[in-house]
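Note that the sequence shown ends on residue 153 in the working numbering; no numbers are left out. Remarks on the structure that follows.
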Amino acid sequence: MSTRTSSATILLLLAACDRVPSREAAAEPANATTADAAERIECAAAGETAFGRTCVVEREGAGLTLRHPDGGFRRLLLTQDGQLRAADGAEAAVVTPLGGGKVEVALGGARYRLSLAQ
């Protein structure tokens, strides 16, 4: 391979590196848009005991998307009989009634508190 071709390849690779947004920067526009169109809910990430109002829920038809502050997400489906289940079926969602029209959903080690009244 010629030096000129190698130099051009290196320049292209370096130029491409500048265009890759950081994980935080990539998540910000999506989170800002999501927060405008959705509601914040209480959640506790896997391994955490304390809940914080840091997750966002998006509702579309019978589907719910629960978005974490780090950009991760889980999808749930509200079935015709009123049950919640994981949309992809890979892991079972464990739903615990809390009273007052609220439930706690445990999925993949994380926990979410949702209002069923909405």
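The beta carbon of each residue, even a glycine, is placed where N, CA and C say it ideally should be.
Taking the Cα positions, A85 is about 11 Å away from Y147. For V130, the CB contacts under 6 Å within the same chain, skipping 5 residues up- and downstream, are L119, V138 and V140 in chain order. Going by DSSP, T89 is part of the beta strand (DSSP E) stretching over G87 to E95. In the structure shown, T84 adopts coil according to DSSP, grouped into three states. Contact between R94 and G143 does not hold, since the beta-carbon distance rounds to 20 Å and is not under 8 Å. About 6 Å separates the CB atoms of L111 and A121; that is less than 8 Å, so the two are in contact. Nearest neighbour of G136 by Cα position, chosen from G117, G124 and D123, turns out to be G117. Straight-line spacing of the CA atoms in L151 and G134 works out to 10 Å.
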